[in-house]
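Down below is the structure, laid out as structure tokens.
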Amino acid sequence: MDKIKNRNKEKIIGDFEMMKDFELTVRDLYIRITKSPDVKDQTIKDTFAKIADDEQRHSELVGRIINITSNAL
């Protein structure tokens, strides 16, 4: 039974780790857009910078979920 519980815990944590990695990858994409010389409009750069900040916060929240899951299961 403990083996199944541990496997489920690892699966859940693995899924959240994947989600966190996705959030950080998307954040990095938005940061690249803000730094691209092809993007001239400052409003667009500012918008993508705000979205990048949101993605950073999302990854931090997922990190907290991972910690809670690790301790609770």
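Its first residue numbered 0, the sequence shown is counted upward by one per residue in numbering that gives the first Met the number 0. All C-beta atoms in this analysis are idealised placements derived from N, C-alpha and C, irrespective of residue type, glycine included. Because the structure is a prediction, the values reported are computed rather than measured.
Same chain, Cβ closer than 8 Å to Ile11, five either side skipped, listed in chain order = Only residues of its own chain outside the window of five on either side were considered, and among them Thr68, Leu72 have a CB closer than 8 Å to the CB of Ile11, listed in chain order.
inquiry  = Rounded to whole angstroms, what is the Cα-Cα separation between Asp27 and Glu16?
reply    = 17 Å
inquiry  = For Asn66 and Asp53, what's the separation of their Cα atoms in angstroms?
reply    = 20 Å
query = Residue range of the alpha helix (DSSP H) that Val61 falls in?
reply = 41 to 71
key: Closest by C-alpha distance to Ala51, when choosing among Arg31, Arg6, Asn7, Lys39   = Arg31
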